[in-house]
Amino acid sequence: MTARRRTPRRHRVIRVAGGRVAYTNTSRIPDADVERVIRFVHARCSLDRVVVHVKRHGRARRWGMAYDGIPSITNLVGLREREWSYLIVVSDGAPSFVELLAHEAKHVEYYRDGLQAGERRCNAFGAFVHREYARAFEHVRRAASVPPAPRRPNPGEADELAGDARALAAKLQAVGMGEWCAALDDLYDELHRIANQGVDPDGTADPLDAA
Ligand SMILES: [Zn+2]
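What the sequence shown shows, in my numbering, is residues 618 to 828, in sequence order.
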C-alpha cells in the first residue's frame with residue numbers, strides 16, 4: 618500500500634493567553650474540539666509558539682510526539698518560520714485526545730527548560746489534565762474519557778501483516794535462524810487468529826452490519 622500524497626494544509630493560528638498556537642487538523646476530531654483542547658491544555662502548560670499537527674491515526678504505533686525544535690521537513694504553510702519554536706504531532710488514535718496533547722505539552726515545557734522529561738511525569742500530567750477536562754466539560758465527558766470501541770479486525774490488513782511475518786520467517790530460515798523462525802510462526806498464527814476472529818470466513822459480510 619502506498620501513502621496518498623496530500624497537499625500540505627495551511628495553518629490556523631489561535632491567540633491564547635500570553636501567546637499564539639498554530640495548528641493543522643486532518644484528524645476525525647472537529648476543529649472546534651481541537652481548539653478547545655488546545656486552549657484548555659495551554660491554560661495549564663504553555664503551548665506558546667508551538668505548532669500542533671493533528672492527524673488521523675494510521676498504522677504508526679505512536680499516538681503523539683513532541684519535538685525540541687521544528688524539524689526542517691515540517692509543513693509550515695502560512696507561518697513565518699522564525700516565530701515558531703516547537704512541533705507537536707498528535708493523532709486521533711488515543712483514548713483521550715486531551716490527555717495526549719497535555720502529555721506532549723509537558724515534554725515541550727521540559728524542552729523550554731533545557732531538560733529531558735521522564736515519561737512518567739508526562740503521563741501523570743496528561744492524566745491530571747484529562748481528569749480536569751472531564752470535570753469541566755461534563756457534557757463531553759464520554760467523548761473525553763471512554764476509549765473507542767475495539768475496532769473489528771480487518772481481515773485484509775491482518776492477513777497482509779501475517780504475509781509480512783511469513784516472508785520474514787522464510788528469510789530467517791534461509792540464514793539459519795530457526796529459533797526466530799518458530800517465534801514468527803507463532804506470531805503468524807496469532808495474527809491469523811485475530812484476522813478471522815468474529816469475521817465471516819468468506820469476507821462477504823460487512824462486519825459493521827452485525828453490530
Ligand atoms: Zn512522552
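Beta carbons: idealized from backbone N, C-alpha and C, even for Gly.
Discussion item. Does residue 655 come out as helix, strand or coil in the three-state DSSP assignment?
Written reply: For this step, residue 655 is matched to residue 38 along the sequence shown. Of the three classes helix, strand and coil, the one that applies to residue 655 here is helix, per DSSP.
Discussion item. If you follow the alpha helix (DSSP H) that residue 660 is in, where does it begin and where does it stop?
Written reply: Here residue 660 refers to the residue found at position 43 of the sequence shown. Residue 660 -> no alpha helix (DSSP H), and no H or E assigned at all.
Worksheet item: Can you tell me the Cα-Cα spacing of residue 672 and residue 714, whole angstroms?
Response: Taking the sequence shown and counting its residues from 1, the one referred to as residue 672 is at position 55. Taking the sequence shown and counting its residues from 1, the one referred to as residue 714 is at position 97. Distance between the alpha carbons of residue 672 and residue 714: 11 Å.
Discussion item. Quick check on this structure: which residue in 646, 689, 640 and 718 has the alpha carbon closest to the alpha carbon of residue 695?
Written reply: Locating residue 695 in the sequence shown gives position 78, counting from the first residue. It is 640 whose Cα lies nearest to the Cα of residue 695.
Discussion item. Which residue wins for smallest C-alpha separation from residue 597, given the options 720, 747 and 726?
Written reply: Outside the modelled stretch of the chain, which goes from 618 to 828, sits residue 597, for which no answer is possible.
Worksheet item: Under a Cβ-count criterion, where at least 16 other Cβ atoms within 10 Å of its own Cβ denotes burial, should residue 670 be classed as buried or exposed?
Response: Position 53 of the sequence shown, counted from the start, is the residue given in the question as residue 670. Buried is the call here.
Worksheet item: Considering only the beta carbon of each residue, do residue 728 and residue 703 sit closer than 8 Å?
Response: If you number the sequence shown from 1, residue 728 lands on position 111. If you number the sequence shown from 1, residue 703 lands on position 86. Contact: yes.
Worksheet item: With distances taken between CB atoms, is the gap from residue 680 to residue 718 smaller than 8 Å?
Response: If you number the sequence shown from 1, residue 680 lands on position 63. If you number the sequence shown from 1, residue 718 lands on position 101. It is not a contact, given that the beta carbons lie outside the stated cut-off.
Item to complete: Keeping to the same chain, check which residues put their C-beta closer than 7 Å to that of residue 656; ignore five residues upstream and five downstream.
Response: To locate residue 656, count along the sequence shown from 1; it is residue 39. Taken in chain order, the residues that qualify are 633.
Discussion item. Could you compute how far the alpha carbon of residue 686 sits from the alpha carbon of residue 667?
Written reply: The residue labelled residue 686 in the question sits at position 69 within the sequence shown. The residue labelled residue 667 in the question sits at position 50 within the sequence shown. Their Cα atoms are separated by approximately 9 Å.
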